[in-house]
Structure formats: C-alpha cells, structure tokens
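Positions 40 to 76 (the numbering used here) are the ones given, in order, by the sequence shown.
Quick reminder that beta carbons are idealized off the backbone N, C-alpha and C, glycines included.
In this text the structure is predicted, and so the values were computed from the model without any measurement.
Please read the structure below before turning to the comments.
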Amino acid sequence: DNGRIVNFSGDTSLIGSFVQVRIAKAYPNSLLGELEK
40 DNGRIVNFSG
50 DTSLIGSFVQ
60 VRIAKAYPNS
70 LLGELEK
C-alpha cells in the first residue's frame, strides 16, 4: 500500500483494465511487472 506504479508490457486493449501481473523487479518509485497468462 505504498502507491507504487506497476509498469508492464501488454496490448493497448488492456488500457484502463485490471489485470494480474507478477512483479519481476522493484525500483525506488515503481515496479516492473510481467503479465500473467
């Protein structure tokens, strides 16, 4: 609950949707996720 942004690659149709991602890497102000299939 620290308000970090999760960045991940995905299709533009996912914009505005909630999706399941796996956190792959943590940075000071954001997280890098991978889309779960």
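Beta-carbon proximity of Gly49 to Ile62, cut-off 8 Å: For the purposes of this step, residue 49 is identified with residue 10 of the sequence shown, where counting begins at 1. For the purposes of this step, residue 62 is identified with residue 23 of the sequence shown, where counting begins at 1. No; because the gap between Cβ atoms is not below 8 Å, this pair is not in contact.
What are the partner residues of Leu70, as DSSP defines its beta bridges? As a first step, residue 70 must be located in the sequence shown, where it is residue number 31. Answer is Val45 and Ala65.
Spatial neighbours of Ser69 within its chain, please: C-beta separation below 8 Å, excluding the five flanking residues on both sides. In the sequence shown, the residue the question calls residue 69 occupies position 30. Hits under 8 Å: Arg43, Ile44, Val45 and Asn46.
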